[in-house]
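Novice:
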Amino acid sequence: MTNKILAIRFSAFGDVIIAHHVICALLEQNPDLEILFLTKPFFAQLFKDIPRLETIHFSKDFDGLLGLWRLKKYLKKNWNFSIIIDIHNSLRSNILKFYFLFGKKIFSFSKGKKEKRQLTRKKNKLLKPLKHTAERYCEAFRKAGFNCNLANYKPSRNYSIFLPKDLPFNNQAKIVGIAPFAKHKQKTYPIELTEQVIEKLSQNFYVLIFGGGEKELKIAQKWEKQFQNVFSVIGKYNIFEEIALIDRTFAFITMDSANMHLASLTKTNIISIWGATHPYLGFYPLYGYQEKLTIGIDLPCRPCSVFGNKKCYRGDLACLYRISPDLIVNKVKQLL
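This is how it looks when you write it as structure tokens:
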């Protein structure tokens, strides 16, 4: 007998990528399971062509209380599922679950808010590694009675078939990727220091710049013109082509951002840079993470935020400005 469940994770992109790992492991370990995955349209493309999985797009039509009621009716009319598993646990998902209160079994994941507050508070921090977000998702599925174990799971999708043909380097070229942007300033390595990193790397390697948005595109285009062997991929390729390009790099430098988690879908070496946030919070890349390639400055105030959206306690972003460009470049050279 086939089990069909509704899993919910609206956003953010990094969290949806973590969910991607868990969903793939879940399907692999439960051959009779079918999953309806509710997320935003842009994120849904990541789940294309996964057997026994169908994505449902959360659009603007479903915003607000009335919109979520419309979503409930839409789901009930078009899909038959017996279990709802919420791996977002937000106000929006909680309202939707309330609308389904009768007639469906409902399970939610725990965010571990108390532990994270203890880790990020200004005084008397409890600095210890917390459970990875992926494991928290797995716990929600296990509560619903499904096998969900990441110990023996590894990403297996072949993204090389999506590699663009119009690339300015040959098969033997040494390529470094860098995703120097993040949503919040407290997670973004300073642009002037990033420029030094790119300049140094471009003397020995091809450098691909990843990101999104008009502001980031202009910065990347400036570096593309300024340095040899530097190429921006921003806005040029679809999500699968970008992942294939990340997979083609032998080192990928990234902030605590969605691009870090995209890299976890590949075989590349991830050099992650951490400012206000910390791997201990459980958002490090699930695959490809190596402590020796992780860069962060030990300060008594760090970490000060779960998401990097809080004002710097010190006011000087020392956690980022004290990371020297040479430290990052040397991490890349060590991999050779």
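The sequence shown begins at 9 in this note's numbering and counts up one residue at a time.
Backbone N, C-alpha and C define an ideal beta-carbon position, used for all residues, glycine too.
By DSSP's criteria, ASP94 is part of a beta bridge. Which residues make up the other side?
Specialist: Along the sequence shown, read from residue 1 onward, the residue named residue 94 stands at position 86. Answer is ILE16, SER116.
Novice: Taking 8 Å as the limit between beta carbons, can you name the residues of its chain near LEU54, skipping five residues before and five after?
Specialist: Translated into positions along the sequence shown, residue 54 becomes position 46. Counting only Cβ-Cβ distances below 8 Å, and skipping sequence neighbours, we find VAL24, ILE25, HIS28, ILE247.
Novice: Using alpha carbons as the reference points, say which of SER280, LEU73, ARG322, ASN88 lies closest to GLU62.
Specialist: The count along the sequence shown starts at 1 and reaches residue 62 at position 54. Of the candidates SER280, LEU73, ARG322, ASN88, the one whose C-alpha sits nearest the C-alpha of GLU62 is ASN88.
Novice: Name the two residues that bound the continuous alpha helix (DSSP H) containing ILE247.
Specialist: Indexing the sequence shown from 1 puts residue 247 at position 239. Per DSSP, ILE247 belongs to the alpha helix (DSSP H) from 247-256.
Novice: Would you tell me roughly how many angstroms separate the C-alpha atoms of ASN212 and GLY220, rounded to the nearest one?
Specialist: As a first step, residue 212 must be located in the sequence shown, where it is residue number 204. As a first step, residue 220 must be located in the sequence shown, where it is residue number 212. For ASN212 and GLY220, the distance between alpha carbons rounds to 26 Å.
Novice: Would DSSP call ALA187 helix, strand or coil?
Specialist: Taking the first residue of the sequence shown as 1, we reach residue 187 at position 179. If DSSP states are grouped into helix, strand and coil, ALA187 belongs with the strands.
Novice: On a Cα-Cα basis, can you pick out the residue from TYR297, ILE242, VAL238, LEU253 that is closest to ASP357?
Specialist: A question about residue 357 goes unanswered here, because the residues of the chain that appear run from 9 up to 344.
Novice: With DSSP as the reference, label LEU307 as helix, strand or coil.
Specialist: The residue you call residue 307 lines up with position 299 of the sequence shown. In the structure shown, LEU307 sits in coil (DSSP, three-state: anything other than H, G, I, E or B).
Novice: Excluding sequence positions up to five away, which residues of its chain have a Cβ less than 8 Å from the Cβ of PHE196?
Specialist: Working through the sequence shown from its first residue, we reach residue 196 at position 188. Reading off the sequence, residue 196 comes out as Thr, not Phe. The answer, listed in chain order, is PRO188, PHE189, ALA190, MET263, GLY283, LEU328.
Novice: Assign ILE64 to one of three DSSP states: helix, strand, or coil.
Specialist: Counting from 1 along the sequence shown, the entry for residue 64 is found at position 56. Here ILE64 sits in strand by DSSP.
Novice: For the beta strand (DSSP E) holding PHE260, just list the boundary residues, first then last.
Specialist: Residue numbering aside, residue 260 sits at position 252 when the sequence shown is read from its first letter. 259-263 is the span of the beta strand (DSSP E), which, as asked, contains PHE260.
Novice: Could you pull out every residue in the same chain whose Cβ sits closer than 6 Å to the Cβ of CYS156, ignoring the five residues on either side in sequence?
Specialist: By one-based count along the sequence shown, residue 156 stands at place 148. Only LEU34, CYS146, PHE149, ARG150 meet the Cβ criterion.
Novice: Quick one: what's got a C-beta closer than 8 Å to GLY243's C-beta in the same chain, skipping five residues either side?
Specialist: As a working note, residue 243 is residue 235 in the sequence shown. Counting only Cβ-Cβ distances below 8 Å, and skipping sequence neighbours, we find GLY220, LEU225.
Novice: Going by the DSSP bridge assignment, what does GLU42 pair with across the sheet?
Specialist: Sequence index remark: in the sequence shown, residue 42 carries index 34 (1-based). Beta-bridge pairing links GLU42 to LYS12.
Novice: When you compare only the Cα positions, how much space is there between SER164 and LEU335?
Specialist: By 1-based counting over the sequence shown, the position of residue 164 is 156. By 1-based counting over the sequence shown, the position of residue 335 is 327. One C-alpha to the other measures close to 32 Å.
Novice: When the Cβ atoms of the region 105-113 are set against those of the region 76-86, are three or more pairs found closer than 8 Å?
Specialist: Contact holds: three or more Cβ-Cβ distances are below 8 Å.
Novice: Would you mind sorting ALA181 into buried or exposed? The rule is 16 or more other CB atoms within 10 Å of its CB.
Specialist: Translated into the one-based positions of the sequence shown, residue 181 becomes position 173. The residue in question, ALA181, is exposed, as its Cβ has fewer than 16 Cβ neighbours within 10 Å.
Novice: Along the chain, where does the beta strand (DSSP E) containing TYR214 start, and where does it finish?
Specialist: As a first step, residue 214 is located in the sequence shown; it is residue number 206 there, counting from the start. Counting along the chain, the beta strand (DSSP E) containing TYR214 begins and ends at 214-217.
Novice: Using only the alpha-carbon positions, how far apart do LEU289 and LEU14 sit?
Specialist: Taking the first residue of the sequence shown as 1, we reach residue 289 at position 281. Taking the first residue of the sequence shown as 1, we reach residue 14 at position 6. So the two alpha carbons sit approximately 27 Å from each other.
Novice: Pick from SER210, ILE254, PHE235: whose alpha carbon is nearest that of TYR167?
Specialist: Here residue 167 refers to the residue found at position 159 of the sequence shown. Of the candidates SER210, ILE254, PHE235, the one whose C-alpha sits nearest the C-alpha of TYR167 is ILE254.
Novice: Pick out whichever of VAL184, ILE251, ALA252, LEU41 has its Cα sitting closest to the Cα of VAL337.
Specialist: The sequence position of residue 337 within the sequence shown is 329, counting from 1. The shortest C-alpha separation from VAL337 is found at VAL184.
Novice: Using only the alpha-carbon positions, how far apart do ALA252 and PHE218 sit?
Specialist: Start at 1 with the first residue of the sequence shown, and residue 252 comes out as number 244. Start at 1 with the first residue of the sequence shown, and residue 218 comes out as number 210. Going from the Cα of ALA252 to the Cα of PHE218 covers about 12 Å.
Novice: Do you know offhand how far LEU201's Cα is from GLN229's?
Specialist: Along the sequence shown, read from residue 1 onward, the residue named residue 201 stands at position 193. Along the sequence shown, read from residue 1 onward, the residue named residue 229 stands at position 221. Straight-line Cα distance between these residues: approximately 17 Å.
Novice: Out of ARG60, SER19, ILE58, point me to the one whose CA is closest to THR47's CA.
Specialist: Locating residue 47 in the sequence shown gives position 39, counting from the first residue. Of the candidates ARG60, SER19, ILE58, the one whose C-alpha sits nearest the C-alpha of THR47 is SER19.
Novice: In this structure, how does DSSP classify SER332 when only helix, strand and coil are distinguished?
Specialist: Against the sequence shown, residue 332 aligns to sequence position 324. The answer is coil: DSSP assigns SER332 none of H, G, I, E or B.
Novice: For THR274, which option in ILE281, ALA259, THR285, PRO287 has the closest C-alpha, if you only look at C-alpha atoms?
Specialist: Position 266 of the sequence shown, counted from the start, is the residue given in the question as residue 274. The candidate whose alpha carbon is nearest that of THR274 is ALA259.
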